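K.L.:
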Amino acid sequence: MAGDFEPRVLQRAGLLAAGTVWREAILRWQGRARLLFVVAFVLALVLGFGAAAGVLGDGSRPVNVVWTLGGLLGVHLLSLLVWLLSLVVQARAQGGALHQGGLLGRAWLSLTGWLDRSRDAADLPLALAGLLGRGRLAAWGVGAANHALWCAALLGATLGVLALLATRRYGFVWETTILPADTFVGLSAALGALPGVLGFPVPDAATVAASGNAPMLAEAGRRAWAGWLVGAMVVYGVLPRLACVLLCAALWRRGTRHLALDLSRPAYARLRPLLMPASERIGVRDPEPAAMPRPRRHAPVTHGDGGAVAVALELGDALPWPDSLFAPATPPSAAADVPARAAQGVFAEGAAPNATRAAGTPPTWEDGGRLDGREQRRTARERFAAHPPERLLVAVDARQTPDRGSLGLIAELADHAQALRVWLAGVDGRASADGETQAGRLRQWREGLAGIGLGDDAVLVGAAAARGWLEQGEDAR
Amino acid sequence: MSDTLRVAVVGHTNTGKTSLLRTLARDVDFGEVSDSAGTTRHVEGLRLMADGVPAAELFDTPGMEDAIALLEFIDGLVVPGERVDGPERVARFLARAEAAGRFEQEAKVLRQMLASDAALYVVDARDPVLPKHRDELELLAACARPLLPVLNFVADPAARVEDWRAALARLGLHAVVSFDTVAPPLDGERELFDTLATLIHAHRGRLQALIDARVREAAARRAAARRLVAELLVELAARRKHVAESDDHEAALEEAVARLRDDVRAREQACVDALLRLYRFRPDDARMAELPLADGRWDDDLFNPETLREMGVRLGTGAAAGAAAGVGIDLMTGGLTLGAAAALGALAGGLWQTFGHYGERIAAKLRGHRELTVDDAILRLLALRQRQLLHALEGRGHAALAPIELANAAPAEDAVQRRWREGSLPDALERARAHPEWMRPDADSARDAAIEALAQALT
Chain S
1 MAGDFEPRVL QRAGLLAAGT VWREAILRWQ GRARLLFVVA FVLALVLGFG AAAGVLGDGS
61 RPVNVVWTLG GLLGVHLLSL LVWLLSLVVQ ARAQGGALHQ GGLLGRAWLS LTGWLDRSRD
121 AADLPLALAG LLGRGRLAAW GVGAANHALW CAALLGATLG VLALLATRRY GFVWETTILP
181 ADTFVGLSAA LGALPGVLGF PVPDAATVAA SGNAPMLAEA GRRAWAGWLV GAMVVYGVLP
241 RLACVLLCAA LWRRGTRHLA LDLSRPAYAR LRPLLMPASE RIGVRDPEPA AMPRPRRHAP
301 VTHGDGGAVA VALELGDALP WPDSLFAPAT PPSAAADVPA RAAQGVFAEG AAPNATRAAG
361 TPPTWEDGGR LDGREQRRTA RERFAAHPPE RLLVAVDARQ TPDRGSLGLI AELADHAQAL
421 RVWLAGVDGR ASADGETQAG RLRQWREGLA GIGLGDDAVL VGAAAARGWL EQGEDAR
Chain G
1001 MSDTLRVAVV GHTNTGKTSL LRTLARDVDF GEVSDSAGTT RHVEGLRLMA DGVPAAELFD
1061 TPGMEDAIAL LEFIDGLVVP GERVDGPERV ARFLARAEAA GRFEQEAKVL RQMLASDAAL
1121 YVVDARDPVL PKHRDELELL AACARPLLPV LNFVADPAAR VEDWRAALAR LGLHAVVSFD
1181 TVAPPLDGER ELFDTLATLI HAHRGRLQAL IDARVREAAA RRAAARRLVA ELLVELAARR
1241 KHVAESDDHE AALEEAVARL RDDVRAREQA CVDALLRLYR FRPDDARMAE LPLADGRWDD
1301 DLFNPETLRE MGVRLGTGAA AGAAAGVGID LMTGGLTLGA AAALGALAGG LWQTFGHYGE
1361 RIAAKLRGHR ELTVDDAILR LLALRQRQLL HALEGRGHAA LAPIELANAA PAEDAVQRRW
1421 REGSLPDALE RARAHPEWMR PDADSARDAA IEALAQALT
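Heads up: the sequence lines are chains S and G, in that order.
Quick note on my numbering: the first sequence kicks off at 1 and runs consecutively.
Quick note on my numbering: the second sequence kicks off at 1001 and runs consecutively.
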């Protein structure tokens, strides 16, 4: 259903051509071709007339009927035969487009091109051939012109013959050295049969036989020969060519009506997304707010009695909590290998927030648990409101995009703690495979945290630094 | 609902919603894409067209960032014991001041959801499945619209496709589509629209029309691309360069070889440019990095023997070595050595023209000229690497920001590739050798037929 594509291509071409020399050149070419055709048509008429006069002579000598007919129709019949042959051959070879259509037609086209050899017109025949080459259109078009010119020439000849026969007295004769007289009787009867059907007179056998000995000067005989000659000209010359003209013109008209661009060509394929876009923009439906909502900080508590607490904010199952804190400078890949505690259930909301981890020594801080879901957050919020921690460590997965929800929660937690640090877990600060992405994420976290009033000094990178701050309350810098 | 199919594209922040729209709409400039949160802050629409007829409207929305708090807020709007359905809860929220304040971005998403027939929930499959995602989905489900999760970045090794599918299934979302906006699967778009159509049956016809149009368009583009490469090969196979006999004929030959090589390089570049234009790559396109090209050109020189070796093409025995590598020189016969196939093709192609060329060549031979042609090995190399480019162009999305490693060694050695590497060259190329006039675009149906046949051989 490229139904809409072609009109758009044509419209585009028309619009583009409007501002260029192309359109002008095409119109000039068309005008020239037409003018040339008219000139050639008139010329053909005149030449045909002249040929008739040349063949019939001035009446001083008798007219040889065989030579006259052969002279007036011979070339024509030969070229018609060649055209028909080429039609058959080309149908099989699918050869070059404009190389068909007969001698006169081709000469007409060449001459049209030759008259304007400017650069603008140089590509026109090529483009025309490219367009008309498919489906043998060009052959029909040029063929119609070719046959029309022949038709004109033969018409001119017939008219010439008629005019001369009307105004001059000719004697008709046939001559032979070796052939029997019967041959000419048969020949004239055979050639006259078809015109005879149309009402043209045919010389009877006696007339033919008599014309062999001396020029036929009797009136009936002269008339019969003249009628036979004109009949043969019309039936074997004008009419076949006229039929060819009509046939070619009909095929040409039908072809041009069904003329379509070959839209599978790469150039059109490239146009398609431009003319038939896969989408169009509707525009903004709900505009960006003047000010983006952003989490806000209130005054933090000045005194905490809740000790040191560490919580994990959306660490996911790749970073075990609180095990990550104990891994010395855990590289992310190693952390992923640790069996994930929270991975048993999807959306697992972590264990109870009292799982204090003692690695040999009694802990100096409490595990506040994971703060992923709403309930965990509410519990933590209530707990910290009752007993604000002195030091609150919030571990976040630095590989995630910081979002407003997380930052809002951190801001809220910061309000409920005497001191708060954010540990960007999951990265070790060293360059890694996707270092650029990680660096970008770290920067986004720092920017986001700065937006809620947590500057660089509130951000920790590396498990050791995080644990150090948690246990001693000193920034290990 | 009106007649148009409206689809909201929603999801957590920075999951690739705008990228998905860009890819689906083939609109590389739509919206803004960056690897950070809150890049899109407004709702913007795109109308997908099938053969010039609107098929669906997609709406890009801001990312949901504060779903947990919002769900808590909305739950707070319901008196305990009151039975309120999802849309009513959402409506209550949208009527509150917070919908223009703290939850302004989320309100935009929910409003657009209510104004749409369905929604695509875009997931960054690399993210761990977290409760915030569940709350997002609960909010979206409250809008009572069919929801199709689309897993993005599934091509990434860190993707947790199974986690996500399991998690979504627990929420009753069993129809899930994997669609990587960076490297979309060949049939991904079709699968996405197909699945969407099962969710909103009333609009099935529109979506089917869209699918059909896209399939046709892709096929047409592929055919056009192959035709471009076929044209390149035919024109180069047909190319002949006369070298006049002169006193210093070594230098003249060298110069002619250099010129021919430059011509061939320029012609190949023209083909690459045309292919990039066909696939809508722009010279400054970030996506250029995904192709086996550097700045839109092939890195390795066509006439470097090393390039041939890498592609596994051997220089033919008849080819001149050294300075003239890759250029066939017809010294002995003035270009009259034509295989039987070529001669037959020439006969079929147009008797007169063929005789004309023979005459021309005989004249050249008599004048002591020589002819240079492009060597078979170079044609093989061209076919192989243009084909590689075609494959790279086919499987790419419109949203890639970072280059993806493209295996230098061909991933799977296929029969076509082997044929181009070692087998006999297609007949169409042999025919082209006998038609120097095919070097230029011409309205010659025999040339068209050769190009068509060659395009088939490139599949």
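Virtual Cβ for every residue (Gly too), placed ideally from N, Cα, C.
Remember, it's a predicted structure, so these values are computed and weren't measured experimentally.
1) Determine the DSSP secondary structure at P1411/G, reduced to helix, strand or coil.
2) Going by DSSP, what residues sit across from P1149/G in a beta bridge?
3) Hey, quick one: how far does the alpha helix (DSSP H) through A218/S stretch, first residue to last?
4) Mind checking A220/S: buried by the 16 CB within 10 Å criterion, or exposed?
5) Can you say whether W114/S is buried or exposed, counting buried as having 16 or more other CB atoms within 10 angstroms of its CB?
6) I need the boundaries of the beta strand (DSSP E) containing S279/S, first residue and last residue.
7) So with Cβ pairs under 7 Å, would you call Q444/S a contact of chain G?
8) Here's a check: name, in chain order, each residue in its chain whose Cβ is nearer than 7 Å to the Cβ of A17/S, leaving out the five neighbours to either side.
9) Going by the beta-carbon positions, is the gap between T1181/G and G1016/G smaller than 7 Å?
10) Since K1108/G meets chain S, which of its residues come closer than 7 Å, beta carbon to beta carbon?
11) List, in chain order, every chain S residue whose beta-carbon is nearer than 9 Å to that of K1132/G.
12) Indicate whether E375/S and V309/S have their beta-carbon atoms separated by less than 7 Å.
13) Check the Cβ of V1043/G against every Cβ in chain S and list those closer than 9 Å, keeping chain order.
14) Just checking my contact of G212/S with A166/S at CB under 8 Å: how many whole Å lie between their CB atoms?
15) Nearest chain G C-beta to D317/S closer than 7 Å, yes or no?
16) Please check if any C-beta of chain G sits within less than 7 Å of the C-beta of M233/S.
17) Which residues share a DSSP beta bridge with D1135/G?
18) Beta-carbon within less than 6 Å of Q1386/G's beta-carbon, same chain only, minus the 5 sequence neighbours each way: which residues are those?
19) Comparing C-alpha positions only, which one of L1384/G, F1153/G and R1240/G sits nearest to T1307/G?
20) Within the continuous beta strand (DSSP E) that includes F1103/G, where are the two ends?
21) Can you confirm whether I1068/G, when its beta carbon is compared against all beta carbons of chain S, has any partner nearer than 7 Å?
22) Going by other Cβ atoms of all chains shown within 10 Å of its Cβ, with 16 needed for buried, is M292/S buried or exposed?
23) Alpha carbon to alpha carbon, how far is M1049/G from R1214/G?
24) By a C-beta neighbour count over all protein chains shown, 10 Å radius and 16 as the cutoff for buried, is G1172/G buried or exposed?
25) Could you check the C-alpha separation between R136/S and L1046/G for me, to the nearest Å?
26) The beta strand (DSSP E) spanning F5/S covers which residue range?
27) Based on the DSSP output, what are the partners of P1054/G in its beta bridges?
28) Classify L1384/G as helix, strand or coil using the three-state DSSP reduction.
29) Taking the CB atoms as reference points, tell me whether A1256/G and L1372/G lie closer together than 7 Å.
30) Where do the N-terminal and C-terminal ends of the alpha helix (DSSP H) with G196/S fall, by residue?
31) Counting only C-beta atoms, is S279/S closer than 7 Å to chain G at any point?
32) Determine, for L1458/G, whether the minimum Cβ-Cβ distance to residues of chain S falls below 7 Å.
33) Compare the C-beta of A166/S against all C-beta atoms of chain C and say whether one is closer than 7 Å.
34) Enumerate in chain order the residues of its own chain whose CB-to-CB distance from T1337/G is below 6 Å, with the five nearest sequence positions on each side excluded.
35) Please report whether the beta-carbon of R1102/G lies at a distance below 7 Å from any beta-carbon of chain S.
36) Output the distance between the C-alpha atoms of V197/S and G231/S, rounded to the nearest integer angstrom.
P.N.:
By the coordinates alone:
1) Model confidence at P1411/G stands at a pLDDT of 46, short of 50, so the residue's coordinates are unreliable; what they give is reported in the following sentence. Looking at P1411/G - three-state DSSP - the assignment turns out to be coil, as it is neither helix nor strand.
2) Y1121/G
3) No alpha helix (DSSP H) contains A218/S, which DSSP labels as neither H nor E.
4) Result: exposed.
5) exposed
6) S279 to D286
7) yes
8) R23
9) G1016/G is positioned such that its CB atom lies closer than 7 Å to that of T1181/G.
10) D286
11) Think of a sphere of 9 Å around the beta carbon of K1132/G: the chain S residues whose beta carbon falls inside it are E314, D372, G373, D403, G405 and S406, in chain order.
12) no
13) V284, R285, D286 and P287
14) Not quite, the Cβ-Cβ distance comes to about 26 Å (not below 8 Å), so this is no contact.
15) yes
16) no
17) Bridge partners of D1135/G: none, in fact.
18) If we look at Q1386/G and ignore the five residues flanking it on each side, its Cβ neighbours are V1229.
19) L1384/G
20) Segment: none, F1103/G is in no beta strand (DSSP E) and carries neither H nor E.
21) Closer than 7 Å to some Cβ of chain S, the Cβ of I1068/G qualifies, so yes.
22) exposed
23) 9 Å
24) Around the C-beta of G1172/G, fewer than 16 other C-beta atoms lie within 10 Å, and the residue is accordingly described as exposed.
25) 44 Å
26) Counting along the chain, F5/S falls outside any beta strand (DSSP E), though it belongs to the alpha helix (DSSP H) covering F5 to A18.
27) M1049/G
28) If DSSP states are grouped into helix, strand and coil, L1384/G belongs with the helices.
29) Against a cut-off of 7 Å, the Cβ pair of L1372/G and A1256/G comes out as a contact.
30) A181 to V197
31) yes
32) no
33) In the structure shown, chain C does not exist; the protein chains are S and G.
34) Bear in mind that the predicted position of T1337/G carries a pLDDT of just 38, short of 50, making it too unreliable to give a figure here.
35) It does; some Cβ of chain S falls within 7 Å.
36) The C-alpha of V197/S lies about 10 Å from the C-alpha of G231/S.
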